[in-house]
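In order, the protein sequence lines correspond to chains H and U. Residue numbering for the first sequence follows my numbering, beginning at 1 and increasing consecutively. Residue numbering for the second sequence follows my numbering, beginning at 349 and increasing consecutively. Right, one structure below, let's go through it.
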Amino acid sequence: MTETAETTETAETDTPVLEARGLVKHFPVRRGWALRGAHVHAVEDVDIALRSGRVTAVVGESGSGKSTLARLLARRTALTGGRLLWNGGEPPSGSRAYASEVQLVLQDPFASLNPVHGLRYILGRALKLHGVPEGQTLDEAIKALLERVSLTPSDQFIEKMPHELSGGQRQRVNIARALAVRPKVLLADEPVSMLDVSIRLGVLNLLADLRDRERLAILYVTHDLASARYLADTITVMYAGRVVESGPAVEVADSPQHPYTQLLLSAVPDPDRDEAPRLTGAGAPPSLIHPPAGCRFHPRCPFAMDKCRVETPPALPVGSPGHTSACWLHESGANTQASPAAGTAGAA
Amino acid sequence: MNAPVLEISDLSVDYGFGPDAVHAVADATLTLRSGEVLGLAGESGSGKSTLAYAVTRLLREPGVITGGSAVFHGDDGPRDLFEMDGEEIRALRWSQISVVFQSAMNSLNPVFTVGNQLTDVLRAHRRGMSRSERRARAAELLDMVGITEDRLRSFPHELSGGMRQRVMIAMALALEPRVLVMDEPTTALDVVTQREILQELGGLRERLGFAVLFITHDLSLLVELADSIAVMYAGRIVEHAPAEALFRTPRHPYTEGLLNSFPALHGERVVMTGIPGSPPDLRGLPAGCSFNPRCAHAVDACKETAPRLLPISWEPAEPRRAACLLQTDGFQAPASLTRTGLRAEEIGSTR
Numbered sequence: 001m002t003e004t005a006e007t008t009e010t011a012e013t014d015t016p017v018l019e020a021r022g023l024v025k026h027f028p029v030r031r032g033w034a035l036r037g038a039h040v041h042a043v044e045d046v047d048i049a050l051r052s053g054r055v056t057a058v059v060g061e062s063g064s065g066k067s068t069l070a071r072l073l074a075r076r077t078a079l080t081g082g083r084l085l086w087n088g089g090e091p092p093s094g095s096r097a098y099a100s101e102v103q104l105v106l107q108d109p110f111a112s113l114n115p116v117h118g119l120r121y122i123l124g125r126a127l128k129l130h131g132v133p134e135g136q137t138l139d140e141a142i143k144a145l146l147e148r149v150s151l152t153p154s155d156q157f158i159e160k161m162p163h164e165l166s167g168g169q170r171q172r173v174n175i176a177r178a179l180a181v182r183p184k185v186l187l188a189d190e191p192v193s194m195l196d197v198s199i200r201l202g203v204l205n206l207l208a209d210l211r212d213r214e215r216l217a218i219l220y221v222t223h224d225l226a227s228a229r230y231l232a233d234t235i236t237v238m239y240a241g242r243v244v245e246s247g248p249a250v251e252v253a254d255s256p257q258h259p260y261t262q263l264l265l266s267a268v269p270d271p272d273r274d275e276a277p278r279l280t281g282a283g284a285p286p287s288l289i290h291p292p293a294g295c296r297f298h299p300r301c302p303f304a305m306d307k308c309r310v311e312t313p314p315a316l317p318v319g320s321p322g323h324t325s326a327c328w329l330h331e332s333g334a335n336t337q338a339s340p341a342a343g344t345a346g347a348a
Numbered sequence: 349m350n351a352p353v354l355e356i357s358d359l360s361v362d363y364g365f366g367p368d369a370v371h372a373v374a375d376a377t378l379t380l381r382s383g384e385v386l387g388l389a390g391e392s393g394s395g396k397s398t399l400a401y402a403v404t405r406l407l408r409e410p411g412v413i414t415g416g417s418a419v420f421h422g423d424d425g426p427r428d429l430f431e432m433d434g435e436e437i438r439a440l441r442w443s444q445i446s447v448v449f450q451s452a453m454n455s456l457n458p459v460f461t462v463g464n465q466l467t468d469v470l471r472a473h474r475r476g477m478s479r480s481e482r483r484a485r486a487a488e489l490l491d492m493v494g495i496t497e498d499r500l501r502s503f504p505h506e507l508s509g510g511m512r513q514r515v516m517i518a519m520a521l522a523l524e525p526r527v528l529v530m531d532e533p534t535t536a537l538d539v540v541t542q543r544e545i546l547q548e549l550g551g552l553r554e555r556l557g558f559a560v561l562f563i564t565h566d567l568s569l570l571v572e573l574a575d576s577i578a579v580m581y582a583g584r585i586v587e588h589a590p591a592e593a594l595f596r597t598p599r600h601p602y603t604e605g606l607l608n609s610f611p612a613l614h615g616e617r618v619v620m621t622g623i624p625g626s627p628p629d630l631r632g633l634p635a636g637c638s639f640n641p642r643c644a645h646a647v648d649a650c651k652e653t654a655p656r657l658l659p660i661s662w663e664p665a666e667p668r669r670a671a672c673l674l675q676t677d678g679f680q681a682p683a684s685l686t687r688t689g690l691r692a693e694e695i696g697s698t699r
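Below is the structure:
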């Protein structure tokens, strides 16, 4: 987990397993005559690349579009714009072919398992639909899956019903079910936020293990910056449907560049902090029906300039290679006096 | 040290009767001092919310308070809350002890305006106030939590989650209570909103001087916020200490494990393990110490005797208590639970 720095350089040159370019999702508003024809701009022009053997974290508050992004990548929701690339080419057509490569694990482990079926049926069904590995019986394959997610002894767990399991164990079953199809990509949408604190790390470590041993490409969607720093190789921060910052996990968490990431970090509870943080850019995210023009963070941003109100900033390089921030302050030649690094470096 | 305002002693709460009863809270003893923030941390099912409901006498069937007392030092001297009749507790609740729950969304009535609901509190408890006085007070309360006066005419659905939670806090402070019980007040909110609300709360507490019983599962938040912290596990308080001491030098293996379950925001990334196993089912608690099956330091005696919450045997003068056999006479506590006075840098390297 600590040696990610070495793998970074080689991995960046690989073709991503799954890549999204310019992803857009607008949901039509169905209620209210005043809003007829209006859309919720949930995801706007998002680029993201998932590489084999890497965890990419998407961090954001509620309404930032992070879960919608996961659903778009899983093709559970139709794209409004943009495209998905699979190993640099067209993704597998047909939902079953796509599902056998890309699997989604959802947040709520209590709602995502059918309570009337046992684990043998739940896991066996995925194996039957997508094919049992050669040379194994169905039961052997199910037990192998249970062992991969550390539900041992597997010959006891195979007999259990979902209600007999704790939240953490259920989430492991969800992950096992996703693994049954032998996917290349695992999309985990807030996989630990509904679990008890003391068992969250177990599930995060399982994801790290799947990345390291089985070279899965993992998307980890979360609102918890600390857990993203712990697990991920890359952190992508979303705000109001757009990516505001992206880069190596530890670098983004330790020296955030975008004013929103800095705000987010200063708000996270941190027992090691000596004095109370000063929030810069308080307030709430904007309505996504009529999002602000230009940078969507500008109404809250302490460094907002005229340009920010008109033009949407592109992802500009900051820090080490692969670290970008969508902020006009990082345009070369921008007024360094207003640099957020100078203003709130103490918050980091 | 400030005078106590709420003294909970040996509180026990069951759900149901007879042999099938579930002991949700067992022998909880806690003292809340005036002007203090007392944090109560625990995972789901640890009994922390049940304790809050019991103390405010809001516990519903099949919950039963089976023992103990909760002495409240109010305007008319110390009184046991559990001995008051319905009318007495009704007069006391909200005027001297008020509560803010997690889901502000469900706590406000959707068909009345915010102003209407704020003045309702005053109408019930401050009979002498005129209509215009009530309205002025409601506006003042909203202003106190950072909401403009024109929101008095808003309905709850017109406000964001953070604003609704602020309205709940304004409402809870309307009668200037001595004690504010907050049960996961910010869990449903985003971190930035959470931070804003907690900063406002801190300012209000300095001005108005109320004490807070703050219940949450987020121990890292409590370390920043609380003066002292009590940690609950399976219905029992397992450790109670000043916040800084609990964070730097935990004395109970569960506290230690819980602290090790929060990835740090700084420093080297290291593999952390959390706590093995999962929280126990209250219907069939393990014999002896409820934590022993998950405890790395458990000895045979832990499976037989349930430890009591006692001062630490080798530092009896410290204002802290733990319910761990290893911290009593005749046992040797492991090195990680006997550290003293570490500075922040050192703890970073050992954890």
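Beta carbons are placed, not taken as given, at the ideal position from N, Cα and C, and that holds for glycine. For clarity, every value in this text was computed on a predicted model and none was experimentally measured.
Taken in chain order, the complete beta strand (DSSP E) segments of 3 or more residues contained in the segment 549-594 of chain U are 559-564, 576-581 and 584-590.
Pairing Pro16 (chain H) with Leu69 (chain H) gives a Cβ-Cβ distance that is not under 7 Å. Under the three-state reduction of DSSP output, Ser684 (chain U) falls in the helix class.
In the DSSP annotation of this structure, the continuous segment of the beta strand (DSSP E) that includes Ile218 (chain H) starts and ends at Ala217 to Thr222. In the three-state scheme derived from DSSP, where H, G and I count as helix and E and B as strand, His26 (chain H) is classed as strand. When Cβ-Cβ separations below 7 Å define contact, Met519 (chain U) makes no contact with chain H.
By the neighbour-count definition (other C-beta atoms within 10 Å, threshold 16), Ala111 (chain H) is an exposed residue.
The C-alpha of Ala99 (chain H) is placed about 11 Å away from the C-alpha of Pro91 (chain H). Here the C-alpha atom of Asp358 (chain U) lies approximately 36 Å from the C-alpha atom of Pro109 (chain H). Restricting attention to U:Leu556, U:Ala589, U:Gly551 and U:Leu552, the CA atom closest to the CA of Leu567 (chain U) is found in U:Ala589. Bridge partners of Met511 (chain U) according to DSSP: none are assigned. In the assembly as shown, Leu537 (chain U) is a buried residue. Its beta-carbon has 16 or more other beta-carbons within 10 Å.
Proximity of Asp538 (chain U) to chain H, defined by a Cβ-Cβ separation below 7 Å, is satisfied.
Annotation: His421 (chain U) is outside any alpha helix (DSSP H); the continuous beta strand (DSSP E) that includes it extends over Gly411 to Gly422. Distance from the CA of Pro191 (chain H) to the CA of His223 (chain H), rounded to the nearest whole angstrom, comes to 11 Å. Separation of the CB atoms of Arg584 (chain U) and Ser638 (chain U) is rounded to 7 Å, and the pair is thereby assigned contact status at 8 Å.
Taking CB atoms only, Pro628 (chain U) has no neighbour in chain H less than 7 Å away. Looking only at H:Leu73, H:His330, H:Ser332 and H:Ala38, the smallest Cα-Cα distance to Leu186 (chain H) is reached by H:Leu73. When Cβ-Cβ separations below 7 Å define contact, Tyr239 (chain H) makes no contact with chain U. Where Ile142 (chain H) is concerned, the enclosing alpha helix (DSSP H) starts and stops at Leu138 to Arg148. In this structure, Arg177 (chain H) lies near Leu123 (chain H), with their beta-carbon atoms less than 7 Å apart. Distance from the CA atom of Gly88 (chain H) to the CA atom of Glu19 (chain H), rounded to whole angstroms, is 8 Å.
Every beta strand (DSSP E) of 3 residues or more that sits fully in the segment 235-294 of chain H is shown, in chain order, as 242-248.
With respect to chain U, the C-beta atom of Asp212 (chain H) has no partner C-beta closer than 7 Å. When rounded, the separation of the alpha-carbon atoms in Arg501 (chain U) and Ile495 (chain U) is 12 Å. The segment 293-305 of chain H makes no contact with the segment 318-325 of chain H: fewer than 3 CB pairs, one atom from each, lie closer than 8 Å. Ala276 (chain H) and Glu592 (chain U) have their C-alpha atoms some 15 Å from each other.
Nearest in C-alpha terms to Asp47 (chain H), of all of H:Leu206, H:Leu146 and H:Leu23, is H:Leu23.
Taking a contact as a CB-CB distance under 8 Å, the pair Gln680 (chain U) and Ser661 (chain U) does not count as one, their CB atoms being some 10 Å apart.
Burial check for Gln444 (chain U): the Cβ neighbour count within 10 Å reaches 16 or more, so the residue is buried. Counting along the chain, the unbroken alpha helix (DSSP H) around Met492 (chain U) starts and ends at Arg479 to Met492. Contacts between Thr621 (chain U) and chain H, judged by CB atoms closer than 9 Å, involve Leu201, Gly202 and Asn205 in chain order. Along the segment 378-408 of chain U, the positions whose C-beta sits under 8 Å from a C-beta of chain H are Glu391 and Ser392, read in chain order.
With contacts defined by Cβ atoms closer than 7 Å, Arg242 (chain H) and Arg296 (chain H) form a contacting pair. Interface flag for Phe595 (chain U) against chain H is set, since a Cβ pair is found closer than 7 Å. The residue among H:Gln107, H:Gly294 and H:Cys301 with its C-alpha nearest the C-alpha of Arg309 (chain H) is H:Gly294.
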